[in-house]
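Q: Residue numbers (the working numbering), protein chains in the order written: chain A, 322 to 887; chain B, 2 to 176. Have a look at this one before I ask anything.
Below, the structure written as structure tokens:
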């Protein structure tokens, strides 16, 4: 007999996402993803100076501040046809990479590792065996007997105190937790170390961007961080070398801890490689820009339809009409007035709340579509598109990771296993490894350019009379982000943010096609309806943060229970 | 470049304003720290951060101070504009868990992460106000606008007890 399970809220960070699933015989048969808060940024921006938009958009979300700032200035520059100096691109690329490294480390260890790692089980680990396990995966100073013994004692103290703190909400002892105690202990130790390394990425970002959590060095037309190798008040040589040192330390953690951990978890949970694929249309935009015209990139973007990875089609510039003309949002199942599907330039935002209607409207999130189809976005989309297009860096990392998973799992796996819940984690770790290499590369590109005497950082924007439209995209940690702006006589006439979690967490559309979260949950196992760990695993693998999709507090403010079986 | 919590020596006392300035009164904490920085000279042993709704990014700041004051809104069954202080003890006891805004819960989680690393501030105090208007928009409601001065006065008293005196900026002295 079918059971309805409601998980509300599902995010461990900002935002408010509700997931409903129907389960029958231990399998999920149907799912609904619902944003429970209303978005309203567009309303605030109308009538304002386009040069100020990024200052507001970076307040949409506390986790993704930087990405909204970047997409916003790019949208205005696109509307004006304004090129920016190479130094500004390199600095923005560094900002982008450092922010993403911070974000990916936090997402894996703090926000989702505990779906797979049983902290309490770590108490049963044999320390010597834990060292041998860790040594078999990678060399890392933190993988020592003394360190693991200390961490085990710390976990013991927490369990004895009865105050589990950040571990309080875990599903300890759940039948779907299958890692050996030694793997759990190693992972808990890395969880604690991750806090240091996310901080180093954050610190490097603060040095280059003026301030965290809200960066200050952007401007429509470039960046505002003056470069002068010898001036203490500017971005000088000393500060730049400090950034490089921090970036290298973070790179070490990603290559020797994060990536090996995810490879090991993917191999140990190999049964899960069959779950969670969902929508296998993928969308990613190119980023890490390499020329002033925005036609060369260090990370490729494009689309894949119906899992046809080799048929990937690329986006070739920041002004590519193939991207611009094919994005639309549908509100047939969302709490807005009407049932239209419109291009972002043409959208309006008029709320129309009904109750949660299984077959009607049930979410504050709109349903974005590309050529009318739902698309999965995020690191997996980017890695798949790069792999499909034969991008060298992506191919090298993917093939290496798959070969290591195969060795550990004792069975050969190919790239098809990436269409899965653990595949999303693996792709994120691969993307982090690529970005950690590219951060160093773009640091060097910046230094070389400065050495050649180019200190330009800004081209002044001018706003002609009449109307201009523009879009700016950015491949953010959670996937493709695009801002769309209509400017009239120098003021914002319309502004829409089509954000990664909207692509992934959006509801069905007028053709009744599931959004990616919904599709990915269908056919997932569910061992215990009261403790739906499997639902959390799949949804958390997308790195949900819907504060940007919808960010208002629920005016009703009703009590919500975390899990409800009805 | 601005001074950030990430460089320079560890400060002893921190003031953290949190909230979302796009949701009117939700942004109260941010408006408070902005006004504080505009009106007063900030001594070297005091760090002030506009944390927005930043979650984990606030951790380094929280780990760099011995005493932390957090300014935020709170969802309490009291009249809008009511100012209420919570002590570290209230937080540890879990009395207020579930009563705060979404990012507030994030704050408590982050504090517990800092504790796990033995790097939490020795004392944490939350100075909160009950919001009147949580609609989309900028700027505070007329109920909360005057509460900025109330909270700043309260904060100056608390800082004075710790031997930190905030002097008005010369340009900010009003007739």
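Every residue, glycine too, gets a C-beta built ideally from N, C-alpha and C.
Indicate, with yes or no, if the ligand MN has a heavy atom lying under 7 Å from the CB of residue 135 of chain B.
A: In the structure shown, the ligand MN is absent, as is every other ligand, since no ligand is present at all.
Q: Would you mind giving the Cβ-Cβ distance between residue 283 of chain A and residue 502 of chain A, rounded to the nearest angstrom? I have them listed as a contact below 8 Å.
A: Because residue 283 of chain A is not part of the residues shown, which for chain A are 322 to 887, the question remains open.
Q: DSSP state of residue 355 of chain A, grouped into three classes?
A: In the three-state scheme derived from DSSP, where H, G and I count as helix and E and B as strand, residue 355 of chain A is classed as strand.
Q: Taking just the CA atoms, how far does residue 39 of chain B sit from residue 168 of chain B?
A: 11 Å
Q: To the nearest angstrom, report how far apart residue 618 of chain A and residue 765 of chain A are at their CA atoms.
A: 16 Å
Q: Could you round the C-beta distance between residue 563 of chain A and residue 536 of chain A to whole angstroms and report it? I think they count as a contact, below 8 Å.
A: 17 Å between Cβ atoms; not a contact.
Q: Assign residue 822 of chain A to buried or exposed, taking buried as 16 or more other Cβ atoms, counted over all protein chains shown, within 10 Å of its Cβ.
A: buried
Q: In chain A, what lies closer than 8 Å to residue 61 of chain B by C-beta?
A: The answer, in chain order, is 520, 523, 524.
Q: Drop a sphere of 10 angstroms on the beta-carbon of residue 70 of chain B, count the other beta-carbons inside from all chains shown, and report buried for 16 or more, exposed for fewer.
A: Buried: at least 16 other Cβ atoms inside 10 Å.
Q: Can you confirm whether residue 55 of chain B, when its beta carbon is compared against all beta carbons of chain E, has any partner nearer than 8 Å?
A: In the displayed structure, chain E is absent; the protein chains listed are A and B.
Q: By how many angstroms is the C-alpha of residue 565 of chain A removed from the C-alpha of residue 680 of chain A?
A: 53 Å
Q: Can you check which of these residues, B:131, B:29, B:30, is closest to residue 78 of chain B by C-alpha distance?
A: B:131
Q: Alpha carbon to alpha carbon, how far is residue 354 of chain A from residue 370 of chain A? Give it in angstroms, no decimals.
A: 35 Å
Q: Since residue 426 of chain A and residue 508 of chain A should fall inside the 8 Å C-beta cutoff, what is the C-beta to C-beta distance between them, to a whole number of angstroms?
A: About 14 Å; that fails the 8 Å criterion.
Q: Please name the residue in B:13, B:20, B:58 whose C-alpha comes closest to that of residue 67 of chain B.
A: B:13
Q: Just curious, the alpha helix (DSSP H) that residue 428 of chain A is in, first and last residue?
A: Under the DSSP assignment, residue 428 of chain A falls outside any alpha helix (DSSP H); it carries neither an H nor an E label.
Q: Go ahead and pull the three-state DSSP assignment for residue 379 of chain A.
A: coil
Q: Who are the Cβ neighbours of residue 842 of chain A in its own chain at under 7 Å, not counting the five residues just before and after it?
A: 342, 349, 352, 856, 859
Q: If you draw a straight line from the C-alpha of residue 44 of chain B to the C-alpha of residue 126 of chain B, how long is it?
A: Their Cα atoms are separated by approximately 20 Å.
Q: List, in chain order, every chain B residue whose beta-carbon is nearer than 7 Å to that of residue 380 of chain A.
A: 21, 22, 23, 53
Q: Comparing the C-beta of residue 88 of chain B with each C-beta of chain A, is any distance below 8 Å?
A: no
Q: Return the chain-ordered ranges of every alpha helix (DSSP H) run that is complete within the stretch 541-599 of chain A and spans a minimum of 4 residues.
A: 558-574, 580-589
Q: Quick check on the DSSP output: the alpha helix (DSSP H) that includes residue 277 of chain A runs from which residue to which?
A: As shown, chain A starts at 322 and ends at 887. That puts residue 277 of chain A outside it, with no answer to give.
Q: Strictly by DSSP, which residues pair up with residue 344 of chain A?
A: Residue 344 of chain A pairs with A:324, A:349.
Q: Can you grab the Cα-Cα spacing for the pair residue 534 of chain A / residue 693 of chain A, in whole Å?
A: Each residue's Cα considered, the two are about 36 Å apart.
Q: Does DSSP classify residue 529 of chain A as helix, strand or coil?
A: helix
Q: Could you please tell me which residues of the stretch 107-125 of chain B, in chain order, have their CB closer than 8 Å to any CB of chain A?
A: Closer than 8 Å at the C-beta level to chain A, one finds these residues of the stretch 107-125 of chain B: 107, 110, 113, 114, 116, 117, 118.
Q: Out of A:377, A:514, A:755, which has the shortest C-alpha to C-alpha gap to residue 700 of chain A?
A: A:755
Q: Counting C-beta neighbours from all protein chains within 10 Å, is the total for residue 164 of chain B 16 or more, i.e. buried, or is it exposed?
A: exposed
Q: Which residues, taken in chain order from the stretch 550-582 of chain A, show a beta carbon closer than 9 Å to some beta carbon of chain B?
A: 554, 555, 556, 560, 563
Q: Quickly, what does DSSP pair residue 805 of chain A with across the bridge? List them, please.
A: A:792, A:817
Q: One question on the structure: do residue 446 of chain A and residue 473 of chain A come within less than 8 Å of each other, judged by their Cβ atoms?
A: yes
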